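The structure under discussion appears below in the form of structure tokens.
In the numbering used here, the protein residues as written are 2 to 47.
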């Protein structure tokens with residue numbers, strides 16, 4: 002069986018990985034939307 006402490010550590014590691022992945026996806030989506038929005042309205046953003 003699994004030790005609760007080991008399970009907690011792996012779960013925490015998985016959550017940290019998930020958070021990092023979510024941040025990366027958010028940055029990619031934000032920059033993509035920024036580029037698209039700049040393409041649609043070039044005078045709004047510099």
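Idealized CB from N, CA, C, for every residue including glycine. Being a predicted model, the structure only gives us computed values, none of them experimental.
**Request:** Tell me whether residue 25 sits in a helix, a strand or coil according to DSSP, three-state version.
**Result:** Looking up residue 25 in the chain shown gives position 24. Three-state DSSP puts residue 25 in a helix.
**Request:** Measure the C-alpha to C-alpha separation of residue 11 and residue 31 and round it to an integer number of angstroms.
**Result:** What you label residue 11 is simply residue 10 of the chain shown in a count that begins at 1. What you label residue 31 is simply residue 30 of the chain shown in a count that begins at 1. Near 30 Å, if we compare the C-alpha coordinates of residue 31 and residue 11.
**Request:** Would you kindly work out how many angstroms separate the C-alpha atoms of residue 8 and residue 35, rounded to a whole number?
**Result:** Walking along the chain shown from the start, residue 8 turns up at place 7. Walking along the chain shown from the start, residue 35 turns up at place 34. Approximately 40 Å between the Cα atoms of the pair.
**Asked** In angstroms, rounded to a whole number, what distance separates the CA positions of residue 28 and residue 18?
**Response** On the chain shown, position 27 is the one that residue 28 refers to. On the chain shown, position 17 is the one that residue 18 refers to. Residue 28 and residue 18: Cα-Cα distance of roughly 15 Å.
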